[in-house]
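Here is the structure we will look at, set down as structure tokens.
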Amino acid sequence: MVVLNIMRDDNEPRASLLKKHVSPPAIGVLDLQGGVLEHLDHLQRLGINGTRVKEPPDFMNLAGLIIPGGESTCLSRLFYLYGMAETIIREFRRGMKIWGTCAGAILLAKSVVGEAPHLGLIDIEIERNSFGSQLDSFTSEAVIPHVSSQPVPLTFIRAPKIKKSGKGVDILLRMGDYIAAAESPDVLVTVFHPELTGCLAFHRYFARKCGLEPLDDTKVPAIDPTWDNKSWTRFARVSRG
Ligand code: GLN
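For the sequence shown, the tail end lands on 242 under the working numbering, and the numbers increase by one without skipping.
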């Protein structure tokens, strides 16, 4: 019985014995609703241990958390229902970094135009559905010097606009009258969806913000040519059809 022998070795302190059996820090993806699998796909391409976070015990050993895009009203109802808001805030205070894409950014904002805010973990004012309806969704491209030296594709789906940012928030991308990407030391927000393109630059950027070491661009390029818009289906029980 290997386990018993290990537990009986009194020369080694118990904490270090336990440590050996804990897997390396992961980035969790909040798995209540929205684009969860697309983020897991990107993390795996960068050699990062990505894990689904459905309930409070899933937060063990997370260096970072991604709150995906989806529908912020739906996501917020679910995370209050499952007691996740308190856990997210507690883990954030413990040092867990957070990245919100689109609906995720709405949930993280300190101020939401015309609505009560949710987590309030980054000093931005955000306006939901600010481009119009689902039919006003669009794609674009930009160079975001902090994140990648080459232009990256941007996909906006019934996106919000970040109207203002406050103290301690750096603007990563401004487009016309709004901010599309911003960060504080502990939180990253994007109103577009890198996980719906082959762009790995943002996931690499966030992994480094979490203190992890993703594969660098000599191993996987910023725009992964092996990605296609069905790549994420390898995580799902659906046909690639
Ligand atoms: N319109 C959605 C909301 O207000 C966000 C859309 C998205 O995440 N792509 O929550």
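A virtual CB, placed ideally from N, CA and C, is assigned to each residue, including glycine.
Per DSSP, Arg200 is paired with what?
-> The question names Arg, but residue 200 in the sequence shown is Cys. Answer is Ile224.
Between Asn130 and the ligand GLN, is the CB less than 6 Å from at least one heavy atom?
-> yes
Would you grab the beta carbon distance between Leu136 and Leu120 for me? Rounded to a whole angstrom, and I think it's under 8 Å.
-> Contact doesn't hold; Cβ gap of about 29 Å is too wide.
With a CB to CB cut of under 8 Å and the five nearest residues on each side skipped, what residues in its chain are close to Glu13?
-> Bear in mind that a pLDDT of 42 at Glu13, under 50, signals an unreliable position, so the model cannot answer this.
Contact set for Thr52: own chain, Cβ-Cβ below 6 Å, skip 5 residues either direction | Ala27 and Gly29
Look up Tyr179 in the DSSP assignment and give the residues it is bridged to.
-> Met176
Please report the residue range of the beta strand (DSSP E) in which Thr234 lies.
-> Taken as a continuous stretch (DSSP letters only), Thr234 belongs to no beta strand (DSSP E), as it is neither H nor E.
To the nearest angstrom, report how far apart Cys200 and Arg129 are at their CA atoms.
-> 24 Å
The region 95 to 102 contacting the region 214 to 232, beta-carbon criterion three pairs below 8 Å | no
Just the C-alpha distance for Ser232 and Val170, rounded to the nearest angstrom, thanks.
-> 33 Å
Heavy atom of the ligand GLN less than 6 Å from the Cβ of Ile127, yes or no?
-> no
What first and last residue would you give for the alpha helix (DSSP H) that runs through Arg159?
-> Taken as a continuous stretch (DSSP letters only), Arg159 belongs to no alpha helix (DSSP H), as it is neither H nor E.
Leu33 and Leu79 look like a contact to me (Cβ under 8 Å); what is the Cβ gap, rounded to whole Å?
-> 4 Å
Helix, strand or coil: which one does DSSP assign to Lys210?
-> helix
Please confirm whether any heavy atom of the ligand GLN lies closer than 6 Å to the CB of Cys103.
-> yes
Straight-line gap, Pro25 to Gln45 (C-alpha atoms, nearest Å) = 14 Å
Beta strand (DSSP E) segment containing Asp124, residue limits | Ile123 to Glu128
Residue span of the beta strand (DSSP E) that contains Thr102, given as start and end | Lys98 to Thr102
Within this structure, are the beta carbons of Pro69 and Gly105 separated by less than 7 Å?
-> yes
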